[in-house]
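What follows is a set of notes on a single structure, which appears directly below.
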């Protein structure tokens, strides 16, 4: 038994010496892992693609502020229009008659006002010379104020008549192309019912919904190349500029919206589909896999 105990003691002594030697030889790390140097893995480059239809940067459905019968169009489809141009109008017989009456009333009230002003100046001079009584002066002053009030009322009525006539006019709110008629002449239209479309296709807009893994990677004014998917020039790439990036993620879908604009040309027109490819950033992660531990175990600090 004594020899057996001595053998065990010798074994543990040698084992302890070996551990100390290994720890000293490997720079104090018993397993030979250099924990001061993080281990990284470089993953192969991955790419995500997003498709969307190129749309005009402005697409407006024009309508009237009042209901009525569509009387006529002043432009044909495909015509260039400026902001404020009258594209169409509804029936305006009643509004024009009302405006004519209001204009006539303004003319009468203006004449009465001018007459009252002249009379007031005459009476005022006589009053200063003490030729007339204060009562007569006050009466003339009152007549002037009445004429002024009637003129203001007539002017307001005329302005209202003009507004009602204007509500039957359908103007273009943008500069662009009168793209399409949505109603025919002679048809009844309701208030704010669209009767046509005006588009500004000088620039095209591409709206995509990116995965959350790209959040923070895309910024306004960034430039990308998008590839045309269809059309006669399918496969060609054109430059696009980011104009908007949602500042938050949509919690329901885990995506965020990105808007890009592309200059239109004979090759790039509204209605085409385009694809944007976004390369993922290189990912580096700390790895504790046995394989990496084994590789690190072979590395010794000087």
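Residue numbers (the working numbering): -17 to 284. Positions of the beta carbon are idealized from the N, C-alpha and C atoms, including for glycine.
**Request:** Give me the Cα-Cα distance between residue 44 and residue 64, rounded to the nearest whole angstrom.
**Result:** Position 62 of the chain shown holds residue 44. Position 82 of the chain shown holds residue 64. Rounded to whole angstroms, residue 44 to residue 64 spans 14 angstroms at the Cα level.
**Message:** Checking the sheet assignment: what are the DSSP bridge partners for residue 182?
**Reply:** As a working note, residue 182 is residue 200 in the chain shown. Looking at the DSSP assignment, residue 182 forms a beta bridge with 40.
**Prompt:** Exposed or buried, residue 230, counting other C-beta atoms within 10 Å across all chains shown (16 or more means buried)?
**Reply:** Along the chain shown, read from residue 1 onward, the residue named residue 230 stands at position 248. With fewer than 16 Cβ atoms within 10 Å of its Cβ, residue 230 is classed as exposed.
**Request:** Output the distance between the C-alpha atoms of residue 88 and residue 133, rounded to the nearest integer angstrom.
**Result:** As a working mapping, residue 88 is identified with position 106 in the chain shown. As a working mapping, residue 133 is identified with position 151 in the chain shown. Between residue 88 and residue 133, the C-alpha separation is close to 6 angstroms.
**Prompt:** Who are residue 237's beta bridge partners in DSSP?
**Reply:** The count along the chain shown starts at 1 and reaches residue 237 at position 255. Bridge partners of residue 237 according to DSSP: 193, 232.
**Asked** Helix or strand or just coil, what does DSSP make of residue 105?
**Response** For the purposes of this step, residue 105 is taken as the residue at position 123 of the chain shown. It is helical.
**Asked** Nearest CA to the CA of residue 214: which residue from 249, 115, 136, 118?
**Response** Translated into positions along the chain shown, residue 214 becomes position 232. Measuring from the Cα of residue 214, the nearest candidate turns out to be 249.
**Item:** Strand pairing of residue 31, partner residues [DSSP]
**Value:** For the purposes of this step, residue 31 is taken as the residue at position 49 of the chain shown. The partner list for residue 31 (beta bridge, DSSP) reads 259.
**Request:** Under the assumption that residue 193 contacts residue 237 (Cβ atoms under 8 angstroms), give the Cβ distance between them as a whole number of angstroms.
**Result:** For this step, residue 193 is matched to residue 211 along the chain shown. For this step, residue 237 is matched to residue 255 along the chain shown. Indeed they touch by this definition, with Cβ atoms about 6 angstroms apart.
**Request:** Quickly, what does DSSP pair residue 153 with across the bridge? List them, please.
**Result:** The residue labelled residue 153 in the question sits at position 171 within the chain shown. Paired residue(s): 68.
**Message:** Quick check on the DSSP output: the beta strand (DSSP E) that includes residue 210 runs from which residue to which?
**Reply:** Start at 1 with the first residue of the chain shown, and residue 210 comes out as number 228. Segment 205 to 210, the beta strand (DSSP E) holding residue 210.
**Message:** Going by beta-carbon coordinates alone, are residue 57 and residue 41 separated by less than 9 angstroms?
**Reply:** Numbered from its first residue, the chain shown carries residue 57 at position 75. Numbered from its first residue, the chain shown carries residue 41 at position 59. No, they are not a contact pair.
**Message:** Using only CA atoms, which one of 252, 150, 209 lies nearest to residue 185?
**Reply:** Counting from 1 along the chain shown, the entry for residue 185 is found at position 203. Among 252, 150, 209, the Cα nearest to that of residue 185 is on 252.
**Item:** Sequence-distant residues of the same chain with beta carbon closer than 6 angstroms to residue 121, five excluded per side
**Value:** If you number the chain shown from 1, residue 121 lands on position 139. Within the same chain, residue 121 has no close Cβ partners at all.
**Asked** I think residue 224 touches residue 256, with their Cβ atoms under 8 angstroms apart; what is that distance to the nearest whole Å?
**Response** On the chain shown, residue 224 is found 242 positions in, with the first residue counted as 1. On the chain shown, residue 256 is found 274 positions in, with the first residue counted as 1. Going by Cβ atoms, the distance from residue 224 to residue 256 rounds to 14 angstroms, so no, they are not a contact pair.
**Message:** So, for residue 106: in the same chain, excluding its five sequence neighbours on each side, which residues have a beta-carbon less than 6 angstroms away from its beta-carbon?
**Reply:** Position 124 of the chain shown, counted from the start, is the residue given in the question as residue 106. Contacts found: none.
**Message:** Mapping the DSSP letters down to three states, classify residue 133 as helix, strand or coil.
**Reply:** Residue numbering aside, residue 133 sits at position 151 when the chain shown is read from its first letter. Looking at residue 133 - three-state DSSP - the assignment turns out to be helix.
**Message:** Can you list, in chain order, the residues of its chain with a C-beta nearer than 7 angstroms to that of residue 50? Leave out the 5 residues immediately preceding and following it.
**Reply:** Position 68 of the chain shown, counted from the start, is the residue given in the question as residue 50. Hits under 7 angstroms: 72, 73, 150, 171.
**Asked** Hey, would you say residue 118 sits closer than 9 angstroms to residue 98, going by beta carbons?
**Response** Here residue 118 corresponds to residue number 136 of the chain shown, with the count starting at 1. Here residue 98 corresponds to residue number 116 of the chain shown, with the count starting at 1. Against a cut-off of 9 angstroms, the Cβ pair of residue 98 and residue 118 comes out as no contact.
**Prompt:** Which residues mark the beginning and the end of the beta strand (DSSP E) in which residue 226 is found?
**Reply:** Here residue 226 corresponds to residue number 244 of the chain shown, with the count starting at 1. Membership of residue 226 in the beta strand (DSSP E) is indicated by the continuous run 219 to 227.
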